[in-house]
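Residue numbers for the sequence shown follow full-length UniProt numbering, beginning at 1 and rising by one. Working notes, structure below.
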Amino acid sequence: MIKKNIVFFLVALSVAFQITAQQSAAYTNNLVDYQKALTLYNNQQYLAAQGLFSNVQRTTKEAVLQSDCAYYIANCAVRLNQQNADRLVEDFVKDYPTSTKRNTAFVDVADYYFVNGKYAHARKWYDKVDEASLARNEKEKFNFNNGYSAFSAKQYKDAKKYLSRVENSQTYGSQAKYYIGFMAYEGDDYDKANTYFDQVSDQERYKEKLSYYQADLNFKLGNFEKAIELAKEKLNNHREDGEASQLSKIIGESYFNLKAYEKAIPYLKAYQGNRGKWNHTDFYQLGYAYYKQKDYERAVSEFNKIIGGDNAIAQNAYYHLGESYVYLDKKQEALNAFRNASQMSYDLKIQEDAWLNYAKISYEIGNPYQSAPQVLAEYLDRYPNTGHKEEIETLLIDSYITSKNYKEALKLLEGKRSFENKIAYQKVAFYRGIELYNEGKYLEAASLFDQSLSEPRDDMYTARATFWKAEADYNLTNYDDALVGFKQFQQQSKASVTPEIENIDYNLAYTYFKLKNYPQAINYFNRFIEHKENDNVRMNDAYLRLGDACFVSSDYNNAIQAYNNAIKIGQIEADYAFFQKALSAGYIGETSQKISELKAFIETYPKSKLRDDAMYELGNTYVKINETEKAMQLYDRLSSEYRMSSFVPKAKLRQGLVYYNASKNEQALVKFKELASDYAGAPEAVQAVATARLIYIDLGQVDDYAAWVRTLDYIEVTDSDLENATYEAAEKQYLDNNTDKAIKQFNNYLNQFPNGIHALQSHFYVAQLYYKKDLTENAAPHYQYVVEASQNEFTEQALSRLSQFYLERKDWIKAMPLLERLEEESGHPQHVVFAQSNLMKANYQLERFNEAVTYAEKVLSNTKIDNKIKSDAHVIIARSAIKTGDEDKAKSAYAKVEKVATGKTAAEALYFNAYFKNKEGSYEASNKLVQKLAKDFSGYKYYSAKGLVLMAKNFYALKDAFQATYILESVIENFTEFEEVVSEAKKELTKIKKEEAKTNASIQPEGN
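Here's what the structure looks like:
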């Protein structure tokens, strides 16, 4: 093209020379320079050529020469990649619109960019070319170059337009067909792609490339056998790893689709993934191939890498993952897989089958997400016409009992009126009543036992509910109703085969004892003792109460015998039995024996809470036999060793009376005044004042008495008859059990005589009445008055009740001083245990962990406490150890808890057993404990949730990412009420997904 232009130019120049016959030297020089510039341009010395063209353009006056120079200057700029190249071409077109080189300029620039692989730049200039001005052979080149540039820029619509124009070209046809076929392949138009590829498949230049695409095309067209043939041929002659991986995938998937799973496996395994990562479909295909080969271990290892999948493939994978786990006897893992599949509706048949398996396994091993009865009932609601209806209904009824989630079971049974459900309702109501009874909620328990009795379908449970209803009544102090209930239990047809029958005599004995029917109490305690030789603790207690019943019946010889038997067993309250035996000796006139036994008691039981009682009683006995000196010494010893004892004011009063009876009035007055001052308001102080009054009258010192008594603010110098009458009226209502009237009259007394001589008793009695009516807030200030008064006979019970009031309100600060006093001052072992166990709990709540442990150890040092208190003490030690980072101590304590605990505490102990197993790396053992937690303690959701997070950690450590992530996602979704647990689950899930995303392209790390 360039040479042709030069010839044309020279001819024109020669003609012009002949016509004009004159030519300036300047023009000749420009022409010479122009020819030099052309020579440089043709020799690709573009910079030098550009300079000469620029000089010629600047000096020549000839428009054609200027136009041609502008054209070549722009062309040089393009080839030199100068920044202003495009602008120079555009300026040339603008400045010389009539130039014959206008279209050529566009083509030349476009072709230059095309040859140098700058297809986007080429496209820009091809778009400017006037196709109509191109010669025929130029049009073919233009269409191919433009089409290929569009193809390279992935502008497939334009590429198809231009390449289609040359698909039959002798020069460009093969290339055009190849690229048109490739675009069809990329656009999933496999038939068209195959057509075009077939047309060029015989050409050697495309054979290498086409073999892969044709294999893939046949795979995508469903021609799997052909795909395998082509891909294997290509694979055998191929050395490039990336394409070998893709060919292996084609072969593996083709075999997979032909259900030749054994052949598929090695090729599916050889696939290296996209950028080194597989996706969920890849894992599913290999997993399913293993599953069909019954290689369940390997199937699981692939299926469980499908994390967070939510499509038909994922549902299918999770269902077969569940089946694989079942074959491997990993039912907890199967439960999660089937649950996941059941929550997807891509394939309704798979969903229903997954639901069925999920429900059955929930029944079999328990379910940490919801109770087994809920799962079974929901399955029946979803699939009322299932062929498994009878089977699932049977499991549902049984699950109400075996799940032990009685509270939830009752809700599910409401409104279900079939005979089988009524049987279940009777049992569930009974067991829920037992749970409430064990929690000390006797009123609620009684209501549940009544509900159980309202459906008397099973005679065994009718008998048992009758017994426990009576037990609840007993604990509610409804002793008459309890007696009726225990008698009705004895008359039940199945009573003799219930576990409760062993204790019926014991319970009847206690009930008669509370009703003060001592002959019958004695009768039933003896019957119990006769048949209960192996239960030493109960036998011990029965002998004690038998002794008490004989004692209050004045049958002291039999009382002594019963107490001796209790001492011989020695399991509980040996000190009490010894003390009561001494008292009984006194009542049958064996005073010397009484004295010797009381003295022995004081020495034998130095830590007994009854030791101050013994000193006081021994002192009184000495007074009775006129050994007053010994009595006085013993009273002094009592006051010295037990300053806080309620017997101290009694002892001082006795001392005063001894002096008074011996006419030692001055010494008597000293004692009485000391008593009146130190124990203001106490009944003994009031009696001391009254006796002192007689002494003052005897001494004729009435004014001195009046002056002294005015210093005592609890002695009102008023109309004592009116005060006494007011108090006695209230007391009568109290004794007659007229609660409301008694409350009103005691309050009336206290309003009239706030510092009256009966104020202490009135405060205590009105507090007791309010407590009986469950008006503890009303009772509290009255108990407070009693505990703030000097030591008295009501102090201990007031301390117990008032501390209990603050404990129920979780006001640990107010409760603790009261409990500390109760521990120090109480004469009753049960009160001491109550104080210590609650001081243990209060200190823990206040995060005083060392003090909490100290009190827990005090509690455990008492060998006669029941398992519930024992369990609480071990739990406090364990929790405190966890809080202070002493996990070895916590582990030991929780192991002890697990042996004796029930309910929520047992769930906690089981969780920590699993926790420590996880810490030790015993992941499967840890998971078994979490499964037990889910099955036996599903009602305690907090520990279920924590157990699931632990289980997720175990599974991930066992390289089961599906179980780990699915469990954590379930915790996050289902346990939102436990923010701390959900937070931990989210943190763990983020960590796992971040790790798994490194090898699984279908997983997006949390936060991305």
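Glycine included, every Cβ here is placed at the ideal spot set by N, Cα and C. These numbers come from a predicted model, not from an experiment.
Reduced DSSP category for residue i - H, G, I as helix; E, B as strand; rest coil
{"i": "N143", "result": "helix"}
{"i": "N1000", "result": "strand"}
{"i": "K277", "result": "strand"}
{"i": "I992", "result": "helix"}
{"i": "N316", "result": "helix"}
{"i": "Q745", "result": "helix"}
{"i": "T98", "result": "coil"}
{"i": "P754", "result": "coil"}
{"i": "S133", "result": "helix"}
{"i": "N620", "result": "helix"}
{"i": "P384", "result": "coil"}
{"i": "K810", "result": "coil"}
{"i": "H782", "result": "helix"}
{"i": "K389", "result": "helix"}
{"i": "H828", "result": "coil"}
{"i": "I361", "result": "helix"}
{"i": "M644", "result": "coil"}
{"i": "R165", "result": "coil"}
{"i": "S584", "result": "helix"}
{"i": "M344", "result": "coil"}
{"i": "N237", "result": "coil"}
Contact belief for residue i with residue j at Cβ below 8 angstroms, rounded distance in angstroms
{"i": "Y543", "j": "I569", "result": "7 angstroms"}
{"i": "R527", "j": "D505", "result": "4 angstroms"}
{"i": "Q761", "j": "V648", "result": "With 8 angstroms as the limit, Q761 and V648 do not qualify as a contact, their Cβ atoms being about 19 angstroms apart."}
{"i": "I588", "j": "N557", "result": "6 angstroms"}
{"i": "V623", "j": "A631", "result": "5 angstroms"}
{"i": "F746", "j": "V766", "result": "4 angstroms"}
{"i": "F449", "j": "A465", "result": "5 angstroms"}
{"i": "Y635", "j": "R654", "result": "6 angstroms"}
{"i": "Y461", "j": "F430", "result": "5 angstroms"}
{"i": "Y71", "j": "A49", "result": "That pair is no contact at about 12 angstroms."}
{"i": "G366", "j": "K935", "result": "3 angstroms"}
{"i": "K36", "j": "L47", "result": "With 8 angstroms as the limit, K36 and L47 do not qualify as a contact, their Cβ atoms being about 14 angstroms apart."}
{"i": "L268", "j": "G252", "result": "4 angstroms"}
Closest by C-alpha distance to residue i, when choosing among the options
{"i": "P519", "options": "D535, N536, Q491, V552", "result": "V552"}
{"i": "N30", "options": "Q332, E62, I972", "result": "E62"}
{"i": "A150", "options": "D130, A110, S133, L134", "result": "A110"}
{"i": "N137", "options": "S554, K124, A120, R165", "result": "R165"}
{"i": "N534", "options": "K904, S800, L669, N503", "result": "N503"}
{"i": "Y713", "options": "D811, A317, F753", "result": "One point to set straight first is that residue 713 is Asp, not Tyr, in the sequence displayed. Among D811, A317, F753, the Cα nearest to that of D713 belongs to F753."}
{"i": "G921", "options": "E323, Y956, Y705", "result": "Y956"}
{"i": "residue 1013", "options": "T477, L476, N507", "result": "Lying outside 1 to 1008, the shown extent of the chain, residue 1013 is not represented and no answer is given."}
{"i": "E333", "options": "Y346, Y318, S345, N517", "result": "Y318"}
{"i": "L258", "options": "S892, V129, A227", "result": "A227"}
{"i": "E167", "options": "S152, L634, Q155, T195", "result": "T195"}
{"i": "F912", "options": "V129, D886, G947", "result": "G947"}
Closer than 8 angstroms to chain C by CB, residue i
{"i": "G273", "result": "Looking for chain C here will not work: only one protein chain is present."}
*asked:* Three Cβ pairs or more, each shorter than 8 angstroms: is that satisfied between the stretch 307-315 and the stretch 932-950?
replied: In short, these stretches do not touch, since the Cβ pair count stays below three.
*Of all the alpha helix (DSSP H) runs that stay within the bounds of the stretch 529-575, which reach a length of 4 or more residues?*
Counting only unbroken stretches of 4 or more residues, the alpha helix (DSSP H) elements lying wholly within the stretch 529-575 are 536-552, 556-569, in sequence order.
*Counting Cβ pairs closer than 8 angstroms, one from the stretch 859-874 and one from the stretch 835-850, do we hit at least three?*
Yes, since at least three Cβ pairs between the stretch 859-874 and the stretch 835-850 fall closer than 8 angstroms, the two stretches touch.
*the stretch 286-302 in contact with the stretch 990-998 per 3-pair CB rule at 8 angstroms*: Because the criterion of three Cβ pairs below 8 angstroms is not met, the stretch 286-302 and the stretch 990-998 do not touch.
_Would you call the stretch 334-342 in contact with the stretch 901-914, where contact means no fewer than 3 C-beta pairs closer than 8 angstroms?_
No contact exists between the stretch 334-342 and the stretch 901-914.
*Which whole runs of the alpha helix (DSSP H) in the stretch 898-945 are 4 residues long or more, in chain order?*
Runs of the alpha helix (DSSP H) inside the stretch 898-945: 903-919, 923-936.
*asked:* Could you check whether the stretch 976-986 touches the stretch 344-362, counting it as contact only if at least three pairs of C-beta atoms, one from each stretch, sit closer than 8 angstroms?
replied: The stretch 976-986 makes no contact with the stretch 344-362: fewer than 3 CB pairs, one atom from each, lie closer than 8 angstroms.
_Across the stretch 469-481 and the stretch 443-456, are there enough close Cβ pairs to call them in contact, namely three or more that are closer than 8 angstroms?_
With the cut-off at 8 angstroms, the stretch 469-481 and the stretch 443-456 touch.
*Would you call the stretch 771-791 and the stretch 800-807 touching, i.e. three or more CB-CB distances under 8 angstroms?*
Using a C-beta cut-off of 8 angstroms, the stretch 771-791 makes contact with the stretch 800-807, since at least three inter-stretch Cβ pairs fall below that distance.
*So does the stretch 278-285 actually touch the stretch 924-939, counting three or more Cβ pairs closer than 8 angstroms?*
No, the stretch 278-285 is not in contact with the stretch 924-939.
*asked:* Three or more C-beta pairs under 8 angstroms: does that hold for the stretch 961-970 against the stretch 246-261?
replied: Contact fails: fewer than three Cβ-Cβ distances are below 8 angstroms.
*Please list the segments of the beta strand (DSSP E) lying wholly inside the stretch 251-306, counting only runs of 3 or more residues, in order along the chain.*
Runs of the beta strand (DSSP E) inside the stretch 251-306: none found.
*Tell me the start and end of each unbroken alpha helix (DSSP H) in the stretch 646-728 that is at least 4 residues and wholly inside, in chain order.*
Qualifying alpha helix (DSSP H) stretches, in chain order: 647-661, 665-678, 683-699, 702-709.
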